[in-house]
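Under my numbering, think of the first position of the sequence shown as 33, with each following residue one higher.
All C-beta atoms in this analysis are idealised placements derived from N, C-alpha and C, irrespective of residue type, glycine included.
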Amino acid sequence: QGAETYLVDGTDIEKIELESIRINGEPFQLYICRNKYGDIVVEISPFAPIVIERL
């Protein structure tokens with residue numbers, strides 16, 4: 033099974049992990065992803081993606 037990829041800001045993102053979470057009692061989808069540069073991307077739907085880059 034191939035990893036699902038989708039575009040964020042024009043960058044291919046590979047979904048690593050998906051969790052259903054609650055923030056202040058509200059349900060959200062938490063995606064932990066990696067872009068083609070190896071940066072970790074945390075996306076909490078429906079918020080904008082947060083890109084965490086290695087130093």
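query	result
Which same chain residues end up closer than 7 Å to Q61 when comparing Cβ atoms and leaving out the 5 residues on each side of it in sequence?	L50, S52, S77
With respect to the beta strand (DSSP E) encompassing E75, which residues constitute its N-terminal and C-terminal limits?	72-77
Along the chain, where does the beta strand (DSSP E) that runs through Y63 open and close?	58-67
Looking at the structure shown, is L50 part of a helix, part of a strand, or coil, going by DSSP?	strand
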